[in-house]
Structure formats: structure tokens, C-alpha cells
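Only one structure is covered here, and it is reproduced in the block below.
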């Protein structure tokens, strides 16, 4: 119910279609990382594993991040800073938006309230930026003044980074997206709301998919390819397992922290 309520609140944002990216990675070893949710420690660990694994592979490599970099875990600000920095040597990196990044932007743009963002685990995100919302609420008894202070205190570079994230990465053999796609709709006609929120209509559908869809958003205990679906969200913020996959030469290799 909470998720459906937030989707309704974000309706104004879904009226503004996000950028979609296309890369021909046919010859490129591609590494995909699931939902990080503020676990900078796990991101650093899995990135080191990727660099070691890629050292024996030819040419440049690609890292794809599936969104939900913030909220719930303790180090959202460090995660965003890391993703804004250059990728490891000999790598390119594409970061996709998730529903949590869109929620943060919606709070900044006054489309949702602070309490609605907090329901998604934003209190620890603000802590990671040095903002104690409970303490600030005592200093700013007016909600409007509190919101103004918080919004003005978040780094403009981080906000800009999140605003510019594409919502989908299409490649010849795989589609990378945060939540999934509507199986009834062509890739070119997918709507942003489904790309960051969809669950059962995608996960339970028997409709053939156009290509492998690599996604996160719905936490699972064990990663298994289900037909042309590959879910890499293993709930890193509470399980300590951040999962990644290597796609190369038609094969998938999965590994976790």
C-alpha cells in the first residue's frame, strides 16, 4: 500500500520522461551491480572483486549500476560520491536511476513530504550528509523552514548527478533497468513508472520477453535466472550481500559479497 501511495505522489515526476541509454556492448565484458542502498563498504568490496575478475579479460569493461544507491544503509553520500568519481581504470560505468533516487528528487522539488521520504529510509541518508533531522526539527519548528534548510544543505552536485541518471540501458542482448518492464509493451514505449516500480506484472508474467532483463528492486534470497529475468537485489542494506553478475560471451557469472 505504501508503495502504491508513493507512486501516486510521484505522478508529477513520471510526467517528465527520463533519458534512456543505448550501448553496443556485444564485445564488452559487462558487470552489473544490484541495489546498494547506502552500503559503501559492500560497493567497495564488490568493485574490488570485479576489478580482480576483469584483469584476465581483454579490452575495456563496463559496469552497470541498477539504481537505489541511497536510503536504508548508512553511507548514501559516500556511495553517490564514489559513483560520481571516475570508474576503475579500463572501465566505463553507467548508473541507472531507482525509485529511491526519484523519491529524493521529489522531496527536493516539494512533490512529496519529508515524512514520505522518511518512510523509505531517508533518515540515514540525511545522517550521511551530516544532517540530523530530529535535532533540526527542534531548531526549525516550522516544517517549511525545516524543509528549506534540508533542501539547501544537500550538495548540488549530488542532486544534479541524480537528475541526470538514465532510467534504462538497452544493449543488443540485454536490457538493464531498476525494477523491470511491462511485458505487454515494446521497449520503446515503456513508461518510467513501471521501470522503477513494477513487480508482479513483470515477475509473474508468462509473456515472452524481448531479451534478457537484468534488474533489482525486489529483494530475493538467492539469485537465479528465471527465463529472461535476472534479479540481482539481495537486500544488501540488511543482509550484507551485495550481488553482481558478469555478462560476457552469452554466459552469466554471479557473485556476492
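Residue numbers (our numbering): 1 to 257. All C-beta atoms, glycine included, are put in the ideal place defined by N, C-alpha and C.
Asked                                                                                                                                                                                    : Found
Does residue 31 come out as helix, strand or coil in the three-state DSSP assignment?                                                                                                    : strand
Where DSSP assigns a beta bridge to residue 61, which residues make up the other side?                                                                                                   : 91
Tell me the residue span of the beta strand (DSSP E) that contains residue 173.                                                                                                          : No beta strand (DSSP E) contains residue 173, which DSSP labels as neither H nor E.
Among 182, 62, 36, which has the Cα closest to the Cα of residue 200?                                                                                                                    : 182
Kindly list the residues whose CB is nearer than 6 Å to the CB of residue 125, restricted to its own chain and excluding five residues on each side of it in sequence; keep chain order. : 70, 71, 76
Starting from the N-terminal side, write out each stretch of the beta strand (DSSP E) that is 3 residues or longer and does not extend beyond the region 82-152.                         : 91-95
Quickly, what does DSSP pair residue 168 with across the bridge? List them, please.                                                                                                      : 20, 177
From what residue to what residue does the beta strand (DSSP E) around residue 258 run?                                                                                                  : Given that the chain is displayed from residue 1 to residue 257, the structure contains no residue 258 and the question cannot be resolved.
Which residue comes first and which comes last in the beta strand (DSSP E) that contains residue 214?                                                                                    : 212-215
I'd like to know if the region 181-196 and the region 206-213 are in contact, where contact means that at least 3 CB-CB pairs between them fall below 8 Å.                               : yes
Nearest CA to the CA of residue 68: which residue from 27, 37, 123, 29?                                                                                                                  : 37
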